[in-house]
Each structure stands twice: as C-alpha cells, then as structure tokens.
Amino acid sequence: MVEMRFHWWNEDAEKEGTVKVSAPTVEDCIEIAEDEIEGAGLTITDYYVI
Numbered sequence: 001m002v003e004m005r006f007h008w009w010n011e012d013a014e015k016e017g018t019v020k021v022s023a024p025t026v027e028d029c030i031e032i033a034e035d036e037i038e039g040a041g042l043t044i045t046d047y048y049v050i
C-alpha cells in the first residue's frame with residue numbers, strides 16, 4: 001500500500017490544504033486524487049509519497 005500527500009489550491013477562495021490518499025500503487029493514488037480534488041474544482045499543486 002502506498003500513501004501520498006497532495007497539496008491543493010482553491011483560487012476563488014484563496015485557500016490551500018492537503019489530503020492524504022492511500023492506494024495499492026502510486027498511479028492509483030494519483031488517479032484517486034485527481035478524481036476527488038480536481039472533481040471538487042480544486043487545483044493540485046504538489047504531491048509526494050509519504
């Protein structure tokens with residue numbers, strides 16, 4: 001299992017935050033984060049494996 005931390009930015013509200021994603025592979029983590037974060041109208045600014 002891989003754990004990754006994703007930093008996001010909301011330009012309209014000028015807010016930022018982080019979210020942790022766990023999945024079997026790095027590619028799965030990225031796909032989940034894109035679906036959830038970008039699906040909510042936020043922009044992913046950085047990510048890394050923890």
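Numbering (UniProt numbering), first residue to last: 1 to 50.
The beta carbon of each residue, even a glycine, is placed where N, CA and C say it ideally should be.
Short of 6 Å in beta carbon distance, which residues of its chain neighbour residue i, apart from the five on each side in sequence? Order them along the chain.
i          : result
residue 18 : 5 and 7
residue 42 : 8 and 10
residue 44 : 6, 8 and 37
Just grab the DSSP bridge partners of residue i for me.
i          : result
residue 44 : 8
Find out if the Cβ-Cβ distance for the pair residue i, residue j is shorter than 8 Å.
i          : j          : result
residue 38 : residue 20 : no
Looking only at its own chain, which residues have a Cβ that is under 8 Å from the Cβ of residue i, when we skip the five neighbours before and after it?
i          : result
residue 1  : 22, 23 and 24
residue 26 : 2, 4 and 49
Next item on the list: Kindly provide the ranges of any beta strand (DSSP E) runs that are 3 or more residues long and lie completely inside the region 13 to 39, ordered along the chain.
Entry: 15 to 23
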